[in-house]
Amino acid sequence: MATGGIAIEPVIESSAAQNLDRRRFMQDIHDLSSDELDGLMSSSDGRPFLVVHHLPEIKEMGVPYLMPNTPITCRVDNTEKYTTRSKVRVGTLYTVQLTHGHFHWTVKRKYKHFQELHRDLYKHKMMIHLLPLGRFAKDRHMLRNMSEEMPSLHGTERTRRTSSKMKYLEEYLNGLLDNTFCRNDHAMLEFLSVGALSFITDLGPKGLEGPIVKRSGGHRIQGLNCIGHHQICFRWSRRWLVVKDSFLMYMNRDNGNINFVLLFDPEFKVKAGRAHTDTTHGVCIENFARSLIIKCSSYRQTHWWSHEINRLADSCDFLKVQRFNGFAPPRENTLAKWYVNGSGYFADLADALEQAKEEIFITDWWLSPEVYLKRPATDNYWRLDEILHRKAKQGVKVCVLLYKEVELALGINSDHSKRTLMNMHPNIKVMRHPDHVSSVVFLWAHHEKMVAIDQTVAFVGGIDLAFGRWDDSKYRLTDLGLTEKPDNTPEELEKEEMDGNGVVDGLKQSEPGDGLNQSEPDEQAELDPKDLKSNTKLWLGKDYSNFIRKDWVQLDKPFEDNIDRTEVPRMPWRDLSAAMHGKAARDVARHFIQRWNFTKIFKSKYKDDFYPYLLPKSHSTADSLPITVPGSKKAKVQVLRSADRWSTGTCENSILNAYISTIQNSEHYIYIENQFFISCSDEKTVHNGIGDAIVDRILRAHREQKKYRVFVVIPLLPGFEGDISAGSGTAIQAILHFTYRTMCRGEHSILSRLSEVKDQWTEYITFCGLRTHSQLSQSLVTELIYVHSKTLIADDRCYIIGSANINDRSMLGSRDSELAVFVEDEERVPSIMGGEEYQAGPLTLALRKECFSVLVGAASDPSINVDDPISDELFFVAWNDTAKQNAKIYEKVFKCLPYNGAHNMRELKEYSSMERLCDTDPDQAKEELKSVRGLLVHFPMKFLCEENLLPPLNTKEGMAPVGLWT
């Protein structure tokens, strides 16, 4: 394809070898040939959405805006009287109804507009006749049939009657529209209010369009309007305004570039008149982020445009505050799917990315370009950066939003991620946000994890596309290379656990008696990332991680190991994610578009045309699903978020509201699996009320003498580097302080506030972590399973999966940005609850049973029944007794931490210095470990209970604001 004069250098395959000091591409490559452009514009059933990314090329090459071989017809069917400026003569305004294919719209024109159209067309005709060039021969032939007579409403009796005048103008205009030259003329297009975006099917109805003059400024974003200078120093610019069913935008007609997009939201208002705009014939259009002022040509146009903008926006879902005070309503009959662990998620995501035709949107807290989505990798085909590069070369626009970390505090190296991706192809655009100094945001992060493809399918959850996240239900501690290559293909390996809706596939689970997942080093040399044919490892280079032992460093050398995999076990990663389609996917994409456009406005380095404004697709076409994720089932899905002015340009905490509402309305149980558990409001240090809702719901059950269960699964230790037994885990202790404050220590804790039930609290709530064990280089090893999930399941009928932790950072909305989905089953299947027949939701039931089966060991022991989530047998025996017994075995064999018997640092050091059974008698240790069932261990409620775990004030952690930890 043509490259527009820009040479593309050969792509360097090893990102570690690249010189990333400067951006390789400074502008888009206009790589569409004339034939390809014609292909984009040749559809007679509406333009493809990809047109929005090629507007400058369409403008430059003069491609017709009207659809070929599709008639356009008009009907003049109404008139209005208006007073002219002289206030003496009364004029007539004609309503012209237009149809082009399946698009219908209305324009209002005065008689003089018909005359001006005729004059402009006649001038163009004369110019072509005076330029006897061969390329105008076809135009000259078409213009022979054009009438040179000016349309006149003065003359015969017939044309004096109003009805005849309308018919006369209608016949005149239809005659012009039958002429190919006339209908594609610039003057005709402006008369018809037609532009490049008029007939793009996925943008919905044609809407309202026309030339306007707009005033600069009006942004309501911190830092953009300094002390109101925009009210004094501003400029007026001519633009082409386009109003669709959920947004409006204006563009530069000279070059075709989109200059601004305003999304409809609950703050959307349209005001007309000088009182609101300080200008004659002004219209003020407001949303949460901007107050846009445009100037119309007349009083009549001012009120017509105000009315039409309101009419188009009236049916928009986003004008209303939705359930949970969210931005998007629940979407019924939505195809949805859940994922436990990264393997199935990464595999489905890879397949969906491969099907992308138009756009790929990605936002992550951390993104590793070199992460493999299908494993074991035997080539680089399924490596993330290679997938994105492949799609970019095919013309797909890839837009990535990354959290710009404070480098002194975090080592995720988003600059490496950005430059690696952007140096691959100009169709890959990466923005980082925030700029900490200019936005005065130092403590908060963009924490959401989301991928949207063609605004048709979206993935939301807790799993970043980053190192350490891929895992499956085996939770392997070792990866020295498999001694025997498995019969499974890489695709089958991805789905060895429940793949999302209850189908078991792939590798065999370890039997209860196996006890150990052994791994011995193979004889293969260090693998070259360019040659992976002999690779049998699942985690290459930095992907093999144990971040409590050692955090990631030197991420620009991704294929060098971060830890010695022959000595240090990896830390397994447990996480959940979700897929959705249709309208819910468009809601997710709309959120991304809002953040992307907000970042483009906010950061001056992104204001050039290389970073495009993005447009949301209309929900009116969302039911067409060119991409579907296998195994999806229908449910009601609502997209939720935590957002603030600094992060998105709007304010919302619908995730918190959904959590509290779900807990309050639950009838039988809630299951919480989360990376953090910091709650119970004191309105000073902690503000979210999730823990309070749990207390109130348990007390209600106790007073009503009804069975009710709360399952809480969190990491045994927070995910910070450090050795708590050696005093180097200050950040670990800080998080533990607030976790214990929520669970059992202090007057605000859950157990303290359950004093009414006394010792009976164990009948209602249980706190657990996860642990597993293996053998590494002839030695027994254990490690906690890092719970990174952000999930709530209730009553086998609904669940929440997202990126939001249970803490103030994620839940309040004013701190970290987050994204989640609330899924409610609409169908019912027979089940059991509390020993009685129960109608459960199929999606939620399968998710809960998948979680419980793996955790209690039922996946490998069919004698364990997890059908009834609140039965005494499951709650007291399969869950709590198992967790208690497992914890005792691990303490006996490994002396692992955290330990319930270590109440202070002295006892902790004594315990840590004791000999371990796994070292002194490995055979006996193996026998003990055969009794371990599942993954559950009780959370040690008395660990360091005699210590103040808050960081000392003379440490950097102690000097940090308390909000950093909560």
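For the working numbering, count along the sequence shown from 1 and bump the result up by 120.
Idealized CB from N, CA, C, for every residue including glycine.
{"Item": "Per DSSP, which one or two residues make a beta bridge with His-566?", "Value": "Ser-937"}
{"Item": "Can you give me the C-alpha to C-alpha distance between Arg-373 and Arg-359, rounded to a whole angstrom?", "Value": "7 Å"}
{"Item": "Counting Cβ pairs closer than 8 Å, one from the stretch 892-903 and one from the stretch 833-850, do we hit at least three?", "Value": "no"}
{"Item": "Quick one: residues in its chain with C-beta nearer than 7 Å to the C-beta of Arg-278, no 5 flanking neighbours on either side, listed in chain order?", "Value": "Note that Arg-278 scores 48 on pLDDT, short of 50, meaning its location in the model is unreliable; the coordinates nonetheless yield the value given after this. Ser-284."}
{"Item": "If I measure Cβ to Cβ from Met-1079 and keep anything under 8 Å in the same chain, skipping five residues before and after, which residues do I get?", "Value": "Leu-1073"}
{"Item": "DSSP on Pro-1071, reduced to helix/strand/coil?", "Value": "coil"}
{"Item": "Cα separation between Gly-702 and His-711?", "Value": "15 Å"}
{"Item": "Can you tell which of Asp-197, Phe-367 and Cys-302 has the C-alpha that lies nearest to the C-alpha of Tyr-288?", "Value": "Asp-197"}
{"Item": "What's the C-alpha gap between Gln-784 and Asn-430?", "Value": "38 Å"}
{"Item": "Does the contact criterion of 3 or more C-beta pairs under 8 Å hold for the stretch 1009-1018 versus the stretch 982-994?", "Value": "no"}
{"Item": "Starting from the C-beta of Pro-989, find all residues in its chain whose C-beta is less than 6 Å away, skip the five residues before and the five after it, and write them out in chain order.", "Value": "Tyr-789"}
{"Item": "Let me know the secondary structure DSSP gives Trp-693 once reduced to three states.", "Value": "strand"}
{"Item": "Distance check for Ala-448 and Val-441, CA to CA, integer angstroms please.", "Value": "8 Å"}
{"Item": "Alpha carbon to alpha carbon, how far is Thr-964 from Ser-774?", "Value": "21 Å"}
{"Item": "Based on Cα-Cα distance, which residue from Leu-975, Lys-969 and Ala-979 lies nearest to Asp-987?", "Value": "Lys-969"}
{"Item": "Does the beta-carbon distance from Val-749 to Val-577 come in below 8 Å?", "Value": "yes"}
{"Item": "In chain order, what residues of the same chain have a beta carbon less than 7 Å from the beta carbon of Ala-1003, not counting five sequence neighbours either side?", "Value": "Cys-888, Leu-1056, Val-1057 and His-1058"}
{"Item": "Can you look up Lys-1004 in the DSSP assignment and give me helix, strand or coil?", "Value": "helix"}
{"Item": "Give me, in chain order, the residues of the same chain whose beta-carbon lies closer than 6 Å to that of His-822; leave out the 5 immediate sequence neighbours on both sides.", "Value": "Val-877"}
{"Item": "For a test of the three-state rule: what should DSSP assign to Asn-773, helix, strand or coil?", "Value": "strand"}
{"Item": "Residues in its own chain within less than 8 Å of Glu-1027 by CB, not counting five upstream and five downstream?", "Value": "Gly-1021"}
{"Item": "Starting from Ala-1045, trace the alpha helix (DSSP H) in both directions and tell me its first and last residue.", "Value": "1042-1049"}
{"Item": "Are Phe-718 and Ala-409 touching if we call contact CB-CB under 8 Å?", "Value": "yes"}
{"Item": "If you draw a straight line from the C-alpha of Ala-92 to the C-alpha of Ala-395, how long is it?", "Value": "Here the chain covers residues 121 to 1086 and nothing more, so residue 92 does not appear."}
{"Item": "Three Cβ pairs or more, each shorter than 8 Å: is that satisfied between the stretch 562-571 and the stretch 911-929?", "Value": "yes"}
{"Item": "Cβ of Tyr-906 within 8 Å of Cβ of Trp-693?", "Value": "yes"}
{"Item": "Taking Cβ to Cβ, would you say Arg-706 is nearer than 8 Å to Lys-737?", "Value": "yes"}
{"Item": "Can you tell which of Glu-428, Glu-1066 and Phe-354 has its C-alpha closest to the C-alpha of Leu-328?", "Value": "Glu-428"}
{"Item": "Report the residue from Leu-563, Gly-588 and Phe-354 whose alpha carbon sits nearest the alpha carbon of Gly-462.", "Value": "Gly-588"}
{"Item": "Three or more C-beta pairs closer than 8 Å, one from the stretch 791-810 and one from the stretch 949-956: is that the case here?", "Value": "no"}
{"Item": "Are the CB atoms of Asp-663 and Val-491 within a distance shorter than 8 Å?", "Value": "yes"}
{"Item": "How do the stretch 482-496 and the stretch 795-805 stand: do at least 3 beta-carbon pairs fall below 8 Å, yes or no?", "Value": "no"}
{"Item": "Between Lys-511 and Ala-476, how many whole angstroms is the CB-CB distance? I'm expecting something under 8 Å.", "Value": "5 Å"}
{"Item": "Let's see if you can read the secondary structure: which residues bound the beta strand (DSSP E) around Phe-319?", "Value": "Here Phe-319 belongs to no beta strand (DSSP E), and DSSP marks it neither H nor E."}
{"Item": "Consult DSSP for Met-1034 and reduce its assignment to one of helix, strand or coil.", "Value": "coil"}
{"Item": "In this structure, does DSSP put Tyr-919 in helix, strand or coil?", "Value": "strand"}
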